[in-house]
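Taken in sequence, the protein lines are chains A and B. Residues 31 to 307 in the numbering used here are what the first sequence spells out, letter by letter. Residues -17 to 188 in the numbering used here are what the second sequence spells out, letter by letter. Contents: one structure, followed by commentary.
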Amino acid sequence: MSRAPAVPVPGRAPGHLGPEPFVVELDRFRGPLDLLLHLIRSQDIDIFDIPIARITAQFQVALDAGLERLELDRAGEFIEMASTLVRIKAQLLLPRNEEPDWEEDPRADLVRRLLEYEYFLDVARVLLGAEADRRRHFAKGYVEPRPAPEASLPELETGREEFLEAVRSMPEPGPEASHRAPTRSVTVEEKMSLLGRLLEKARRLAFEKLFRPWGTRPHAVAALMACLEMARQQLIRIEQTVPFGSIWIFPRPRLVEGGEAEERGDEPRAAGAAEGA
Amino acid sequence: MRPEQIVEATLFASLGPLTPEELARADESLDAAGVREAIDALRESYDEADRAFQVYQLGDGYQVLTRPEYAPYLERFDAVPRSPTLSEAALETLAIIAYRQPIGRVEIEEVRGVGSSSVLHTLQDWEMIEVVGRGEGLGRPLLYGTTRKFLDHFGFQDLDDLPEPEELAVSLREEGGAGGDEGPAEPQPVQRELEPTDEGEEERGG
Chain A
31 MSRAPAVPVP
41 GRAPGHLGPE
51 PFVVELDRFR
61 GPLDLLLHLI
71 RSQDIDIFDI
81 PIARITAQFQ
91 VALDAGLERL
101 ELDRAGEFIE
111 MASTLVRIKA
121 QLLLPRNEEP
131 DWEEDPRADL
141 VRRLLEYEYF
151 LDVARVLLGA
161 EADRRRHFAK
171 GYVEPRPAPE
181 ASLPELETGR
191 EEFLEAVRSM
201 PEPGPEASHR
211 APTRSVTVEE
221 KMSLLGRLLE
231 KARRLAFEKL
241 FRPWGTRPHA
251 VAALMACLEM
261 ARQQLIRIEQ
271 TVPFGSIWIF
281 PRPRLVEGGE
291 AEERGDEPRA
301 AGAAEGA
Chain B
-17 MRPEQIVEAT
-7 LFASLGPLTP
3 EELARADESL
13 DAAGVREAID
23 ALRESYDEAD
33 RAFQVYQLGD
43 GYQVLTRPEY
53 APYLERFDAV
63 PRSPTLSEAA
73 LETLAIIAYR
83 QPIGRVEIEE
93 VRGVGSSSVL
103 HTLQDWEMIE
113 VVGRGEGLGR
123 PLLYGTTRKF
133 LDHFGFQDLD
143 DLPEPEELAV
153 SLREEGGAGG
163 DEGPAEPQPV
173 QRELEPTDEG
183 EEERGG
């Protein structure tokens, strides 16, 4: 249990007993009792005869220095203790019996709390030692049987050959730039019905077939969207066995057997799109 | 097949502490007392043979663990997450609960002088403490106690392994009355290191 070290104010002797002998960082203390104990123990004060005025002053100095950095709840805990200290200080100023009775000492309850808290700090220190000792014993299963398997996916390594191959397979720039032919707009729905019809005839279909013949970006985009949409509707299954390899589209049973696909295939717009190839 | 060998095989194959009753399930010839005898015999033989492991008691269970002097070697294999080391606030709170259980949050906070809900939640998440009942009074507050895992985490056999609690109020009155020139007797730190004691279990009431 390390306690925040008392840092002497520069220019003051460490044993200085003035009202503010220590600069303490409030947030390093677990609470007001911890701080009080620090003030008492670090100045070798007799805990049964606490100079309340001095300790109260030091406590308030510490609060002034660090209270605003604390969360509201924690700050409240320190303030509550400060008010307790002030109350005790006031009670001590009242006239007292000739023979002071410990039980009537206004400080008694605070001292009891401090000693009790200090006792549990000691127990906590014992627990800390026991925990450290326990951690030196190891149970079965601690050492892993083999190096942990790589959790990451295989790296997508693309060689120069693969890259060049990919560039070569890119469609030539479409004719629309030079011919000024109006770009035929193509919809995702058209691509979906095209895909549906093509899959009626084939057991599988290469993704390229859906846009390569048109050679324009809108077709490629629409084809991709169509595939994703139909995969989402679980009408098709998409497979790519190696990174950057061909993408294959498979019909799912519903597409072939159900009436849904046929309806789509009969849409006039879809037929038009296919003819445009 | 001697009982020691059966108990040894069971302990060897176990990943956690086993009570004598659990160990006795291995064979009809075994009972809890027989298991304890077997464990004592095993401990002796491991000591004689200078094995790197020993049978340790954690809570009411037994487990084969390495001896502490091999920790530096094993720590090189620190790949598997181990049980967490507890914060100062958690240790302090556990200390209070260990001595005062069953105890409610408000009483804990009175001792510590600070709010303790979050540290109680953490300790519950780590299964160091559990709700053991409800107190009298407003709202029937939850009462907490320490768990078997608490004993395991600190290598304790039972709560007697904690330092003897002082009667704080009594010592205060005495010392205060006597002029209060000395602090209260500090608890003796428990310096044992998971000693595989073979002192009788009867003593502990089993």
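Note that beta-carbon positions come from the ideal geometry of N, C-alpha and C, so glycine has one too. Just so you know, these numbers come straight off a predicted model, no measurement behind them.
- The straight-line gap separating the alpha-carbon atoms of R142 of chain A and A(-5) of chain B is approximately 51 Å.
- Within the stretch 115 to 136 of chain B, the residues whose Cβ lies closer than 9 Å to any Cβ of chain A are, in chain order, D134, H135 and F136.
- Close to V(-11) of chain B, with beta-carbon spacing below 9 Å, lies no residue of chain A; the smallest spacing is near 15 Å.
- If you check each beta-carbon in the stretch 68 to 87 of chain B against every beta-carbon of chain A, the ones closer than 8 Å belong to L68, E70, A71, L73, E74, L76, A77, I78, A80 and Y81.
- Look at the stretch 31 to 49 of chain B: the residues with a C-beta under 8 Å from a C-beta of chain A are Y38, Q45, V46, L47, T48 and R49.
- Linking A6 of chain B to A23 of chain B through their CA atoms gives a straight-line distance of about 16 Å.
- Chain-ordered, the chain A residues with CB closer than 9 Å to the CB of A53 of chain B read R165, R166, H167 and F168.
- Scanning the stretch 16 to 40 of chain B for uninterrupted beta strand (DSSP E) segments of 3 residues or longer gives 35 to 40, listed from N- to C-terminal end.
- The DSSP-derived three-state label of F138 of chain B is coil.
- For E3 of chain B, the enclosing alpha helix (DSSP H) has its first and last residue at P2 to A6.
- Under the DSSP assignment, Q88 of chain A falls in the alpha helix (DSSP H) whose first and last residues are I82 to G96.
- One Cα belongs to R242 of chain A, the other to H249 of chain A, and the distance between them is close to 8 Å.
- Against chain A, a Cβ distance below 9 Å from V96 of chain B picks out R60, G61, P62, L63, D64, D103, R104 and E107.
- Measuring C-alpha to C-alpha distances from L115 of chain A to each of A:Q90, A:R247 and A:D94 identifies A:Q90 as the nearest.
- For R58 of chain B, no pairing in a beta bridge is given by DSSP.
- Using beta-carbon distances, P145 of chain B counts as an interface residue toward chain A, with a partner under 8 Å.
- Under the three-state reduction of DSSP output, L144 of chain B falls in the coil class, being neither helix nor strand.
- The residue from A:A196, A:L145 and A:Q121 with its alpha-carbon nearest to that of E134 of chain A is A:Q121.
- Against L56 of chain B, the close residues of chain A are F168, Y172 and V173, in the order they occur along the chain (beta-carbon pairs closer than 8 Å).
- In this structure, the beta-carbon distance from R262 of chain A to R282 of chain A does not fall below 8 Å.
- Taken through DSSP and simplified to helix, strand or coil, I75 of chain A comes out as coil.
- Neighbourhood of E161 of chain A in chain B, by CB distance below 7 Å: T67, L68, H135 and F136, in chain order.
- Considering only beta carbons, the part of the stretch -7 to 14 of chain B lying closer than 7 Å to chain A consists of L(-3), in chain order.
- A direct Cα-Cα distance of roughly 14 Å separates F193 of chain A from S276 of chain A.
- Proximity of the stretch 13 to 33 of chain B to the stretch -3 to 4 of chain B meets the contact definition, three or more beta-carbon pairs being nearer than 8 Å.
- Counting along the chain, the unbroken alpha helix (DSSP H) around V101 of chain B starts and ends at S99 to D107.
- Residues of chain B whose Cβ lies closer than 7 Å to the Cβ of L151 of chain A are, in chain order, E74.
- A236 of chain A counts as exposed, since fewer than 16 other C-beta atoms from the protein chains shown sit within 10 angstroms of its C-beta.
- Contact between P136 of chain A and F108 of chain A is ruled out by a C-beta separation of about 20 Å, above the 8 Å threshold.
- Under the Cβ criterion of 8 Å, M255 of chain A is not counted among the residues facing chain B.
- Our two residues, K119 of chain A and H68 of chain A, have alpha carbons roughly 19 Å apart in a direct line.
- Distance from the CA atom of L66 of chain A to the CA atom of T86 of chain A, rounded to whole angstroms, is 9 Å.
- Not a single C-beta of chain B is nearer than 8 Å to the C-beta of E55 of chain A.
- E110 of chain A and A160 of chain A have their C-alpha atoms roughly 34 Å apart.
- In the structure shown, V114 of chain B adopts extended strand secondary structure according to DSSP, grouped into three states.
- Chain B has no Cβ within less than 8 Å of the Cβ of M222 of chain A.
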